[in-house]
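If you count by our numbering, then the sequence shown holds residues 97 to 618, one letter each, in order.
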Amino acid sequence: MDRHKLDGVWGAITLFVLLSFIVYLSGRSIDIAAEVPAAGQDAVHISITDQGFVPSIVTITPGTEVVWTNNTSSTVEIIGAEVFRLLLPIVLNADAGQPGPEGDQGSPNNPKQVHGGWGSGSILPGQTFARIFANLGQEHYHLMGNPAFAGLIVVQNTLPTQTPTLTATATSSSTPTGTPTQTATATQTITATATSTLTPTATSASSATPTSTATATNTATPTNTPTPTSTATGAPNLAITKSDAGLTVIAGDAITYTLSFSNTGGLATGVIITETVPANTTVNLAASSPGWQQIGATTAYTYSIGTLNNGAFGIAQFVVTVDNPLPPGVQVITNTVRIGDDGSHGLDLNPTDNEDSESTPVTNGPTSVCGTISSNTTWTFIESPYIVTCDITVAAGVTLAIEPGATVRFNANTGINVIGQLAAIGSSDARIQLTANAGSPTRGYWDGIDVLSGGAADLEFANVLYAGSTTGNYDAAIYNVAGTLAISATQVISSGYIGIADSTPYLSLHNSQVTHSVNWGV
């Protein structure tokens with residue numbers, strides 16, 4: 097059976113009408129190539145790192161240009177927000193009705209495509225991609241092939257207000273009755289009034305005390321990440337977070353920790369990040385940010401930042417390699433990072449966010465699988481990733497269960513044929529990954545999941561990536577040929593032809609996404 101026999105996919109007119117309505121409600125973004133950014137807000141810059149977007153959420157006004165810079169060593173692609181979302185259950189049964197006219201079905205002559213709204217195309221290392229956002233609302237986006245690496249653009253008429261700092265110089269020698277308490281950013285204009293002889297300034301230090309409370313008014317239009325040009329008063333408020341981007345590793349793998357640090361308080365000097373190489377790993381300084389220094393002969397390393405003004409932030413990377421072989425029983429690599437300063441400007445306002453830890457799961461895989469599964473089988477998280485080297489067939493009366501968090505990687509043009517039952521049930525914090533076994537896969541790299549006569553498949557909290565090979569019998573990432581299919585909270589991304597296809601009246605879709613298919617989403 098080939099793609100020309102997909103007529104049954106469009107046979108349920110009820111499905112099409114409901115899907116079209118959802119797509120209509122979802123709205124579409126508009127690319128504007130020549131619109132000038134709104135007055136008061138310059139272009140907003142986002143860095144693409146190996147761990148995702150920095151910052152991951154920005155707020156802009158209509159007409160603002162957003163510029164992404166690829167700071168990784170690989171070519172990446174950004175997939176825009178206009179994805180297909182199934183927000184409500186869709187259940188078809190034997191009363192679904194007959195196909196309507198071709199023009200209403202999403203035929204090749206009149207496709208009802210639900211994938212892709214905008215995309216960057218390939219962004220080479222060091223290159224940029226820019227886009228102007230004109231419409232109010234929220235635009236989600238992600239890295240192609242990495243749906244967990246997502247970002248959000250919030251477009252609204254006004255930007256969030258920022259609180260200014262007022263530092264006043266008084267000419268009165270009377271007893272003070274009040275003290276300004278607001279906090280200044282460098283690019284803002286401060287207007288102050290007082291009830292006594294008072295000369296307020298935004299940058300000078302006070303050697304006297306004002307005689308009354310000054311009222312500051314912020315008249316500036318703040319940007320998302322203003323660069324300070326003055327120093328805020330008060331103690332520092334350093335913070336640091338650590339991320340491994342949700343990685344699962346095996347012996348010999350590298351773990352890249354991305355460390356995001358900031359200061360939202362007063363001036364901090366002598367700022368240092370301290371890392372300790374976790375057990376069962378070795379440090380990889382060549383892959384880490386330059387500047388890490390070992391403390392004597394210990395496993396501790398420091399990274400000197402120096403001075404951090406109010407509002408300053410940055411990122412650094414610390415990379416370790418998992419030992420190979422690993423001792424028996426090692427199931428997690430845990431690492432803690434700390435940030436601190438020299439204390440010359442007072443104690444940190446919130447020391448609880450001066451450290452952060454990350455635990456990276458370790459599995460025993462890879463495990464190679466191939467051929468017919470003739471008895472009940474569970475693919476476990478601890479034995480993943482599973483490498484599918486030839487087609488898998490789940491025999492009649494047999495269940496293949498895939499545990500939450502497990503990863504299954506498919507060689508080119510391989511897939512799963514379900515005659516029995518497939519239960520790929522993940523969880524919100526441990527999604528199942530069904531993807532290509534390739535470093536730089538293309539859409540349609542592997543065949544997909546085909547539910548044949550008598551078969552049943554249930555996918556929940558799963559990601560199906562790069563399936564839908566056009567060399568197989570069924571050109572869809574997931575194809576219900578003659579069985580039953582239930583999909584919930586699942587993402588189907590980068591199919592080589594169709595995302596989800598169904599030739600039966602037995603399909604249930606709920607709260608799922610289909611995006612960036614070559615042809616149709618569903």
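Just so you know, even glycine gets a beta-carbon here, dropped at the ideal spot from N, CA and C.
Since we're looking at a predicted model, the values are computed, not measured.
- Tell me whether the beta-carbon of residue 499 lies closer than 8 Å to the beta-carbon of residue 463. Position 403 of the sequence shown, counting from 1, holds the residue named residue 499. Position 367 of the sequence shown, counting from 1, holds the residue named residue 463. Against a cut-off of 8 Å, the Cβ pair of residue 463 and residue 499 comes out as no contact.
- DSSP-derived helix/strand/coil call for residue 438: The sequence position of residue 438 within the sequence shown is 342, counting from 1. The answer is coil: DSSP assigns residue 438 none of H, G, I, E or B.
- Item | Proximity winner among 548, 476, 170 and 530, relative to residue 600 (alpha-carbon distances) | Within the sequence shown, the letter at position 504 stands for residue 600. The residue with the shortest Cα to Cα distance from residue 600 is 548.
- Message: Using 8 Å as the threshold, is the C-beta distance between residue 617 and residue 595 below it?
- Response: Looking up residue 617 in the sequence shown gives position 521. Looking up residue 595 in the sequence shown gives position 499. A contact, by the Cβ cut-off of 8 Å.
- Message: With the cut-off set at 8 Å, would you say residue 619 and residue 528 are in Cβ contact?
- Response: Because the chain in this structure spans residues 97 to 618, residue 619 falls outside the shown range and cannot be described.
- Within this structure, are the beta carbons of residue 331 and residue 215 separated by less than 8 Å? Position 235 of the sequence shown holds residue 331. Position 119 of the sequence shown holds residue 215. The answer is no: Cβ separation not under 8 Å.
- Query: Nearest CA to the CA of residue 369: which residue from 391, 350 and 376?
  - Reply: As a first step, residue 369 is located in the sequence shown; it is residue number 273 there, counting from the start. Closest by alpha carbon: 391.
- Task: Whole angstroms is fine: what's the gap from residue 468's alpha carbon to residue 372's?
- Result: Reading the sequence shown from its first residue, position 372 is the one you call residue 468. Reading the sequence shown from its first residue, position 276 is the one you call residue 372. Residue 468 and residue 372: Cα-Cα distance of roughly 46 Å.
- Item | Rounded straight-line distance, which links the Cα of residue 142 to that of residue 542 | On the sequence shown, residue 542 is found 446 positions in, with the first residue counted as 1. On the sequence shown, residue 142 is found 46 positions in, with the first residue counted as 1. Their Cα atoms are separated by approximately 33 Å.
- Residues near residue 539 by beta carbon distance below 8 Å, same chain, minus five either side: By 1-based counting over the sequence shown, the position of residue 539 is 443. 562, 564, 590, 591, 592, 612, 613 and 614.
- Task: Have a look at 461, 506 and 361 and flag the residue whose alpha-carbon is nearest the alpha-carbon of residue 449.
- Result: The residue given as residue 449 occupies position 353 in the sequence shown. For the residues 461, 506 and 361, the minimum Cα distance to residue 449 belongs to 361.
- Collapsed DSSP secondary structure at residue 700 in the structure displayed: Outside the displayed span of the chain (97 to 618) sits residue 700, for which this structure offers no information.
- Task: With a 10 Å radius around its C-beta and 16 neighbouring C-beta atoms as the bar for buried, classify residue 609 as buried or exposed.
- Result: Looking up residue 609 in the sequence shown gives position 513. With 16 or more Cβ atoms within 10 Å of its Cβ, residue 609 is classed as buried.
- Query: Does the beta-carbon distance from residue 631 to residue 351 come in below 8 Å?
  - Reply: Only positions 97 to 618 of the chain appear in this structure, which leaves residue 631 out of reach.
- Item | Three-state secondary structure (DSSP) of residue 448 | On the sequence shown, residue 448 is found 352 positions in, with the first residue counted as 1. Three-state DSSP puts residue 448 in a helix.
- Message: Suppose the cutoff is 6 Å on Cβ atoms and the five residues either side in sequence are ignored; what does the same chain contact list for residue 176 look like?
- Response: One-based indexing of the sequence shown puts residue 176 at position 80. Hits under 6 Å: 213, 214, 215 and 237.
- Should residue 493 be labelled buried (16 or more other beta-carbon atoms within 10 Å of its own) or exposed? Taking the sequence shown and counting its residues from 1, one reaches residue 493 at position 397. It counts as exposed.
- Task: With DSSP as the reference, label residue 253 as helix, strand or coil.
- Result: The count along the sequence shown starts at 1 and reaches residue 253 at position 157. Looking at residue 253 - three-state DSSP - the assignment turns out to be coil, as it is neither helix nor strand.
- Item | Residues near residue 146 by beta carbon distance below 6 Å, same chain, minus five either side | Working through the sequence shown from its first residue, we reach residue 146 at position 50. Result list for residue 146: 168 and 352, in chain order.
- Task: Confirm, please, whether the CB-CB distance from residue 355 to residue 433 is below 8 Å.
- Result: Here residue 433 is taken as the residue at index 337 of the sequence shown, counted from 1. Here residue 355 is taken as the residue at index 259 of the sequence shown, counted from 1. Yes, they are a contact pair.
- Query: Among 461, 170 and 334, which has the Cα closest to the Cα of residue 436?
  - Reply: Counted from its first residue, the sequence shown places residue 436 at position 340. If we check each option's Cα against that of residue 436, 334 comes out closest.
- Could you check which residue in 532, 233, 395 and 357 has the C-alpha nearest to that of residue 159? By one-based count along the sequence shown, residue 159 stands at place 63. Of 532, 233, 395 and 357, the residue nearest in Cα terms is 233.
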